[in-house]
Structures are given as C-alpha cells and as structure tokens.
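S.K.: Take a look at the following structure, please.
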Amino acid sequence: MTDTQERVVINQNTNGLRFEFLRRLENSFITSERFIYGTIAAVVVVVAVFYHKHAINSHEARFETTVEAIQKLEEKMVRELNVLRGLLVSKETVVLRRWESIAGLSVSKNCAEVYKSGGITSGVYRIKPDGAGPDFEVFCDQKTTNGGWTVVQKRLDGSVLFDRGWSDYKNGFGNLDGEFWLGLEKIHRLTKSPSKLRVDLEDFDGKTSYAEYDLIVVATESKKYQLSVGKYSGKLAGDSLTQHHGYPFSTKDRDHDSHSSNCAEKYKGGWWHIDCYYSNLNGVYRHGEDSVTTFGIRWNSWKGKPQSMKRAEMKIRPVKV
19 MTDTQERVVI NQNTNGLRFE FLRRLENSFI TSERFIYGTI AAVVVVVAVF YHKHAINSHE
79 ARFETTVEAI QKLEEKMVRE LNVLRGLLVS KETVVLRRWE SIAGLSVSKN CAEVYKSGGI
139 TSGVYRIKPD GAGPDFEVFC DQKTTNGGWT VVQKRLDGSV LFDRGWSDYK NGFGNLDGEF
199 WLGLEKIHRL TKSPSKLRVD LEDFDGKTSY AEYDLIVVAT ESKKYQLSVG KYSGKLAGDS
259 LTQHHGYPFS TKDRDHDSHS SNCAEKYKGG WWHIDCYYSN LNGVYRHGED SVTTFGIRWN
319 SWKGKPQSMK RAEMKIRPVK V
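For the sequence shown, our numbering assigns the number 19 to the initial residue and increments by one for each residue that follows.
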C-alpha cells in the first residue's frame with residue numbers, strides 16, 4: 019500500500035470515528051431529555067391523584083391548604099428538573115466542544131472563543147490564534163472575571179524547573195494541568211491581535227492580589243520577543259511590569275539585559291530583565307519561611323520587601339470579548 023493510500027484509509031477511519039462519536043452523543047442527549055420529560059409527566063399524574071384523594075377525604079379549608087402546598091411542591095420539582103436539564107445540556111455541549119477541538123473539527127482562536135462556543139469549564143483546549151501556524155493546546159481559565167483567559171504561565175508548587183535556556187522558553191515547557199510556561203512563540207501569536215494581560219498572585223499567608231494591563235504585545239523572535247504593555251490597573255499588587263516595557267527577553271544562554279552580568283543566569287529564570295528586575299515570575303520557587311529572599315518568584319510592588327510568591331499566573335484575553 020502506498021503512503022497516499024494509507025493516508026486515505028486513516029482519514030476514512032478518523033471521519034468514521036468522528037461521526038460515530040457525534041451520533042452517540044446525540045442519542046445520549048435525546049435519552050436524557052426523554053427521561054426528564056417522562057419524570058415531569060409522572061409527577062403531574064401523582065399530583066393529580068393526590069388532588070383527587072384530598073378532595074374526597076378532606077374538608078374544603080384543609081383541601082385548599084393542601085392544594086396550595088402541592089402546587090408549591092410541583093413548582094419546586096419543575097424548577098429543579100429544569101436546572102437538571104440545563105446541566106445536562108451544558109455538560110454535553112462541553113464534551114462536544116472538547117472533542118471537536120481535539121479532533122480538529124473546530125479550533126477556536128483563543129479561550130474567549132472557546133467560552134463563547136460552550137467550553138465554559140476551565141481546562142485544556144486546543145486553539146489556533148492565527149492562520150499562520152499550527153494549532154496547540156492551552157489551559158483556559160473560564161472562571162476568573164467571566165472567563166476567556168488563556169493561561170501563559172503558572173507557578174504553584176515548584177514541580178517544574180524554570181532555570182532553562184532560550185529554546186525551552188521559546189517553545190514552552192511544563193504541564194498544562196500544573197506548572198508551565200506556554201512558550202514565547204505561542205504568546206507572540208496570541209498577542210498579534212489586541213490582548214490584555216492579567217497577573218494573579220498569592221503569598222504564603224493565603225492573601226491574593228492581581229494586576230491587569232489593558233494591552234500586551236510580545237514581538238517576534240527577530241526582536242528577541244520584546245515586551246510591550248499598556249496601562250496598569252488592579253488590586254493590591256501594584257505595577258511591577260511597566261518598568262520592563264520595551265525590553266527583550268533574556269535567558270541564561272541569551273543575555274539581552276542592560277546589567278553587566280546575566281540576570282537570567284543569576285536569578286535562575288528567563289524574563290524581560292532590565293538590570294535586573296522589578297518583577298520576576300519565572301524565578302526559583304521558594305517554600306514557606308524560605309520565601310523571604312531576593313531570589314524567587316517576585317512582584318516587588320506588592321509586598322514591598324524581598325518575598326517570593328506561593329502562586330503566580332499570567333493569562334491573556336482579547337481586549338474585546
């Protein structure tokens with residue numbers, strides 16, 4: 019069998035699997051819907067019998083009280099069944115959108131489009147920000163401020179080493195369900211269209227804060243993935259990124275900062291270093307009392323003293339959603 023014939027067979031098998039999945043999903047939905055309406059019909063019959071029984075055995079005043087109580091019970095049951103139906107519809111929509119995304123049938127540009135198409139549960143989805151490159155998987159935050167955030171960086175437990183070279187920071191590394199760096203090339207593609215940035219922080223006392231920037235652009239590799247950010251807003255965190263505006267990205271094997279030494283090498287993480295930083299969310303992960311140090315995951319304007327964060331997330335969303 020030739021390569022062309024093999025590809026034809028593979029495509030035929032793949033299409034067959036797609037249609038079979040959609041057929042089963044449709045049958046599952048129809049079965050669930052019939053169950054709900056059947057339950058409502060049964061409730062109506064029971065209520066009717068109950069009405070008749072009390073009409074015979076009760077006095078008029080007691081009957082009216084009972085009827086009112088039954089009506090309220092019926093209304094409550096109908097409301098709960100409607101909620102159940104909504105949950106079933108939502109669940110099956112999420113499954114369908116996730117499967118379509120994985121199978122390549124429907125690929126959104128970003129997590130905001132994923133949300134609009136029914137993917138309202140936070141998790142891993144496949145996107146294609148532009149038509150110029152391949153699609154790829156991302157973690158979508160669909161809970162924070164109405165969802166639609168594509169997470170590009172996450173620190174939470176120190177399970178992933180961030181002291182890496184240019185190639186890793188370009189292409190990305192880590193686990194999308196845990197700690198990761200999405201990759202400068204992917205972030206560049208995401209920020210080709212007008213996008214905003216949100217930084218969520220948590221310290222070791224459980225206190226949280228955030229910073230938002232109404233615009234973020236990461237340039238091409240030829241421009242060393244230079245960072246541009248817009249106007250700051252936020253709660254408690256303060257602005258520790260505007261100072262890095264206009265600076266290229268640096269790693270331990272590509273020194274583009276303005277310091278006499280290599281800041282990325284010294285502080286163990288790639289970043290848009292100046293000489294060296296006001297923020298450094300890719301620094302060494304510190305634990306508990308060991309977090310009070312100039313080394314670590316830093317956002318200087320919030321704590322006002324050398325202290326590393328317990329958790330940090332960087333996420334991007336289109337300006338217009």
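We put the beta carbon where it would ideally sit given N, CA and C, even for glycine.
Along the alpha helix (DSSP H) that carries ASP221, what are the first and last residues, could you check?
M.R.: Counting along the chain, ASP221 falls outside any alpha helix (DSSP H), and DSSP gives it neither H nor E.
S.K.: Got a sec? Which residues, its chain only, sit under 8 Å from LYS214 by beta carbon, not counting five neighbours each side?
M.R.: Taken in chain order, the residues that qualify are GLU230, TYR231, ASP232, LEU233, ILE234, GLY248, ILE334, ARG335, PRO336 and VAL337.
S.K.: To the nearest angstrom, report how far apart GLY252 and LEU219 are at their CA atoms.
M.R.: Their backbone Cα atoms lie some 11 Å apart in a straight line.
S.K.: Go to TRP167, then tell me how far its beta strand (DSSP E) extends in each direction, as first and last residue.
M.R.: Residues 167-173.
S.K.: Does DSSP put ARG329 in a helix, in a strand, or in coil?
M.R.: The answer is strand: DSSP assigns ARG329 an E or B state.
S.K.: Pick out whichever of LYS321, HIS277 and GLU203 has its Cα sitting closest to the Cα of ALA237.
M.R.: For the residues LYS321, HIS277 and GLU203, the minimum Cα distance to ALA237 belongs to GLU203.
S.K.: Just reading off the alpha helix (DSSP H) that TYR187 is part of, what are its end residues?
M.R.: Start and end: 184-189.
S.K.: Using 8 Å as the threshold, is the region 187-202 in touch with the region 305-324, meaning 3 or more CB pairs across them?
M.R.: Judged by Cβ distances under 8 Å, the region 187-202 makes no contact with the region 305-324, as fewer than three pairs qualify.
S.K.: List the endpoints of the continuous beta strand (DSSP E) containing PHE125.
M.R.: Looking at the sequence shown, residue 125 is not Phe but Val. Taken as a continuous stretch (DSSP letters only), VAL125 belongs to no beta strand (DSSP E), as it is neither H nor E.
S.K.: For LYS214, write down the residues that DSSP places opposite it in a beta bridge.
M.R.: DSSP output for LYS214 lists ARG335 as bridge partner(s).
S.K.: Per the contact definition of three or more C-beta pairs closer than 8 Å, is the region 167-178 in contact with the region 195-202?
M.R.: Verdict: yes, contact present.
S.K.: Assuming contact is defined by CB atoms lying nearer than 8 Å, are ASN298 and GLY306 in contact in what I supplied?
M.R.: The answer is no: Cβ separation not under 8 Å.
S.K.: Give me the residue from LEU91, SER211, ARG316 and TYR295 with the minimum Cα distance to ASP148.
M.R.: For ASP148, the nearest C-alpha among the options comes from SER211.
S.K.: Determine the direct distance from the alpha carbon of THR83 to that of ARG329, and round the result to whole angstroms.
M.R.: Distance between the alpha carbons of ARG329 and THR83: 57 Å.
S.K.: Using DSSP with H/G/I as helix, E/B as strand and the rest coil, what is VAL132?
M.R.: Helix, per DSSP.
S.K.: Assuming LEU6 and VAL156 form a contact by the criterion Cβ under 8 Å, report the distance between their Cβ atoms to the nearest whole angstrom.
M.R.: For the chain, the structure presents residues 19 to 339; residue 6 sits outside this window and is missing.
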